[in-house]
Amino acid sequence: MATKSKSIRLFSLLAALFVGFGIVATRMFWLQIVDSSRLTEMAAAQRQRTLIVPAQRGSILASDGTELAISVDVKTVFADPHQVTDPGRTAEALAPVLDLEVGPLLEKITRDSGFVYLARKVDESVAAQVAQLQLPGIHLVPESKRLYPAGSLASQVVGFVGTENEGLGGLEYMYDDLLTGRDGKVMVERDPLGRQIPVGESSVKEAISGSDIILTLDRQIQHEAEAALERAAERWGAGSGSIVVMDPASREILAMANTPAFDPRDLDSSDAQSRRNRAVTDLYEPGSVTKVVTAAAGLESRVTSPAERMRVADRLKVGGKVFKDSHVHPVQELSFAEVIQSSSNVGTIQVAQRLGEERLYEYLRRFGFGRPTGIDFPAEASGILPEPSQWWGTSLGTISIGQSFAGTPIQVANAFATLAAGGLAAEPRLIKGTVGADGVVEAPEHPAPQRVIEQATARQVTDILVGVTEDEIGTGSAARVPGYLVAGKTGTAQKASEGGYSGYMATFAGFAPADNPRLVVSVVLDDPNPILAGQTAAVTFQEVMEFALRRLRSSDAGPMDTDSTSLAAATR
Amino acid sequence: MAATKQAAAPARHYAPLPESPVRVVTSPVPAPRKAPSQRPASRPAARPARRSRVLPSVLLAGVVVFGLVLLNIYLAQTSFALSEVQSKVAEERSRQRQLRSEVAQAESPATVSQMAVELGLVVPVQLQQLD
């Protein structure tokens, strides 16, 4: 009996143990096999932290490697309202430091939220003061801030970024992807106190910094161009204006200035008008500077020659419209060179009539009008140059003297650069190169220059344009630069407005030294007083050209631009 | 019968333990009752050998554990030091960029020309070319 009872107890114990182990085994199977991946993820989520390492935005540099735009680390102040223990005292303590009102601050830190921005991208001193307060629920987080050390210098070219450092204008916008780089990731295991577990799992995916962009802009010439524009606006009341300074051989733009300007450090107080790079985006009727193309077309097509004697009246009827010269004069006998130098509308139209619509259109296209120049800048205007089939009876007359079609200041500058380069057309360029994360400088590729007129023709036109500044009959004597021969052309054109014309656009474009062109300068002033380009734009041209030539001479004496290697080193 | 069993028992079980002569000779009651008291008598001979193996093992284990703890501490310290250095490098990089920005600002033509004016420098009215 006792043995049987003992056996039952043993059996029961064995069964209980078996069931118990069975439960444990089943649970183990469930945890280890069935639910393994979910639990692994849960465990990993508890101890692993993945941090995003933001890539440093690349810098934008002037041609000498000096920063025009650079990103630095700053702090942003935020609150976790759930952790704020004394909202009133916190708001009162923070308000004077952050330069904010107590009321709005109190409203923010009492919200039913776990995260509220209080002040973004504050100065180092402000961040230090906030940290010193040691307020519960008030935290600092690092962020990147875009700085523009040169202020408004070349601001329309460089552009600007938004709060999240996204490019919104200029080259900041155009090369946003290149500048932004690629964010990295760091995965680490942390203990309950948030410290990294030394022998825990970790993985790092390095952030790739954005590339730096080296511009062709020369800071000194850019500054002088901007200062000259400001003086022009002040002297003659020009509402706006643009200056382009270019090396005709390389087509590198050494300066691209616009007025009114803006300071990207104070974006809120600027308007959209001042942020526009007018030299590239704004259309206007260039006026008599277009006569340079008409002259080149006439000489290249052999329908005239510089010395040809022409009888020129002060008015001419074309397509039912009477075209007049700028002043009343009796019928004159002028050489074709003098026709251009004195900017005679009548004489120029007479040559255009020999050319015909098709040929005039063809040469305007060759010199880059009616299509984008290809400059590496966003939102370039292509201009308006209708095909000959759409021309009216008066179009030959108007277009040959630079009216009834529209171009941009950069198109005008590039057309003169084509002439200065002996008839070779090419794309203007603002980007000298980019420096990637590996420090290697890469120069952008551009199409090879195209010959659009013979070198001899370019030489003939250049000689004529030297007369514009040097000869008594010329309209651009104010553009003379002591010690240099300047080839240039004035242009005073009516300004198109809604329903007709109102005001004038004054242009002077030219290059120097005429016998070995090093620089092209184009000045456009919107509605100056006096209206004549020879008295306004030519003066500004002279100031900028003289400075730029002096700068070029000084740079010839010593290294102005560093080579690629040292540039790369300087930017890293 | 019982006496026979009791007498036979020591002969069968304890014959191999003559090294305890005192107990064999003086004990009035032989056999099973004495057996338990005789077992410890055989242990002193085995003790020195076991102690000689256990002690070094314990010491070795202790050294290993201590070494692992030290290694862990060292790794932790290195990790924290590395983390601090990395943080310092990042701070210095940031500072360098800040300084570059300040240098660029100080070098900007607008700043330089303003300083030049403040120092009384003027733009020459007339320029002369020397060659």
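Those protein sequence lines, which keep their order, are chains R and Z. If you're matching positions, the first sequence starts at 348 in our numbering and goes up one per residue. If you're matching positions, the second sequence starts at 252 in our numbering and goes up one per residue. Built from N, CA and C at the ideal position, the CB exists for glycine as well. If you're wondering where the values come from, they're calculated on a predicted model, not measured in any experiment.
Residue i, buried or exposed, once every other Cβ within 10 Å from all chains shown has been counted against 16
{"i": "histidine 570 of chain R", "result": "buried"}
{"i": "aspartate 559 of chain R", "result": "buried"}
{"i": "isoleucine 561 of chain R", "result": "buried"}
{"i": "aspartate 594 of chain R", "result": "buried"}
{"i": "glutamine 365 of chain Z", "result": "exposed"}
{"i": "lysine 664 of chain R", "result": "exposed"}
{"i": "glutamate 734 of chain R", "result": "exposed"}
{"i": "arginine 827 of chain R", "result": "buried"}
{"i": "serine 472 of chain R", "result": "exposed"}
{"i": "threonine 510 of chain R", "result": "exposed"}
{"i": "proline 875 of chain R", "result": "buried"}
Reference residue i; option with closest CA among the options
{"i": "arginine 467 of chain R", "options": "R:Ile600, R:His676, R:Asp420 and R:Leu702", "result": "R:Asp420"}
{"i": "valine 870 of chain R", "options": "R:Ala861, R:Gln889, R:Leu681 and R:Val463", "result": "R:Gln889"}
{"i": "glycine 881 of chain R", "options": "R:Glu647, R:Ser824, R:Val828 and R:Asp873", "result": "R:Ser824"}
{"i": "valine 799 of chain R", "options": "R:Ser635, R:Ala767 and R:Ile878", "result": "R:Ala767"}
{"i": "alanine 643 of chain R", "options": "R:Ala619, R:Gly588, R:Ala699 and R:Lys664", "result": "R:Ala699"}
{"i": "glutamate 727 of chain R", "options": "R:Gln737, R:Gln758, R:Trp739 and R:Glu705", "result": "R:Gln758"}
{"i": "lysine 422 of chain R", "options": "R:Glu454, R:Glu490 and R:Ser502", "result": "R:Glu490"}
{"i": "threonine 563 of chain R", "options": "R:Val533, R:Leu518, R:Tyr495 and R:Val463", "result": "R:Leu518"}
{"i": "asparagine 605 of chain R", "options": "R:Asn876, R:Ser691, R:Arg625 and R:Arg529", "result": "R:Arg625"}
{"i": "aspartate 661 of chain R", "options": "R:Ser648, R:Lys455 and R:Val693", "result": "R:Val693"}
{"i": "leucine 500 of chain R", "options": "R:Gln481, R:Val449, R:Leu415 and R:Glu448", "result": "R:Leu415"}
is_contact[residue i, chain R] using C-beta, thresh 8 Å
{"i": "valine 280 of chain Z", "result": "Per-residue confidence for valine 280 of chain Z stands at a pLDDT of 47, beneath the threshold of 50, marking its modelled position as unreliable; no derived number is given."}
{"i": "alanine 367 of chain Z", "result": "no"}
{"i": "proline 360 of chain Z", "result": "yes"}
{"i": "serine 345 of chain Z", "result": "yes"}
{"i": "serine 338 of chain Z", "result": "no"}
{"i": "serine 352 of chain Z", "result": "yes"}
{"i": "alanine 355 of chain Z", "result": "yes"}
{"i": "arginine 348 of chain Z", "result": "yes"}
Residue j beta carbon less than 8 Å from that of residue i
{"i": "alanine 805 of chain R", "j": "glycine 770 of chain R", "result": "yes"}
{"i": "phenylalanine 858 of chain R", "j": "valine 867 of chain R", "result": "yes"}
{"i": "methionine 852 of chain R", "j": "glycine 634 of chain R", "result": "yes"}
{"i": "leucine 732 of chain R", "j": "phenylalanine 763 of chain R", "result": "no"}
{"i": "isoleucine 417 of chain R", "j": "arginine 344 of chain Z", "result": "no"}
{"i": "glycine 744 of chain R", "j": "phenylalanine 670 of chain R", "result": "yes"}
{"i": "aspartate 411 of chain R", "j": "arginine 898 of chain R", "result": "no"}
{"i": "alanine 760 of chain R", "j": "valine 591 of chain R", "result": "yes"}
{"i": "alanine 554 of chain R", "j": "valine 782 of chain R", "result": "no"}
{"i": "leucine 711 of chain R", "j": "valine 640 of chain R", "result": "yes"}
{"i": "aspartate 818 of chain R", "j": "glycine 588 of chain R", "result": "no"}
{"i": "arginine 701 of chain R", "j": "glutamate 680 of chain R", "result": "no"}
Below-8 Å beta-carbon distance, residue i vs any chain Z residue
{"i": "histidine 793 of chain R", "result": "no"}
{"i": "alanine 644 of chain R", "result": "no"}
{"i": "valine 473 of chain R", "result": "no"}
{"i": "isoleucine 417 of chain R", "result": "yes"}
{"i": "alanine 580 of chain R", "result": "no"}
{"i": "aspartate 420 of chain R", "result": "yes"}
{"i": "glutamine 430 of chain R", "result": "no"}
{"i": "arginine 827 of chain R", "result": "no"}
{"i": "arginine 566 of chain R", "result": "yes"}
{"i": "threonine 816 of chain R", "result": "no"}
{"i": "leucine 494 of chain R", "result": "yes"}
{"i": "threonine 413 of chain R", "result": "yes"}
{"i": "histidine 570 of chain R", "result": "yes"}
{"i": "leucine 866 of chain R", "result": "no"}
{"i": "glycine 498 of chain R", "result": "yes"}
For residue i, three-class secondary structure by DSSP
{"i": "glycine 823 of chain R", "result": "coil"}
{"i": "glutamine 479 of chain R", "result": "helix"}
{"i": "alanine 604 of chain R", "result": "strand"}
{"i": "tyrosine 464 of chain R", "result": "strand"}
{"i": "phenylalanine 425 of chain R", "result": "strand"}
{"i": "threonine 413 of chain R", "result": "coil"}
{"i": "alanine 885 of chain R", "result": "helix"}
{"i": "leucine 777 of chain R", "result": "coil"}
{"i": "proline 489 of chain R", "result": "strand"}
{"i": "threonine 397 of chain R", "result": "strand"}
{"i": "glutamate 536 of chain R", "result": "strand"}
{"i": "isoleucine 748 of chain R", "result": "coil"}
{"i": "threonine 527 of chain R", "result": "helix"}
{"i": "glutamate 801 of chain R", "result": "coil"}
{"i": "phenylalanine 507 of chain R", "result": "strand"}
{"i": "leucine 447 of chain R", "result": "coil"}
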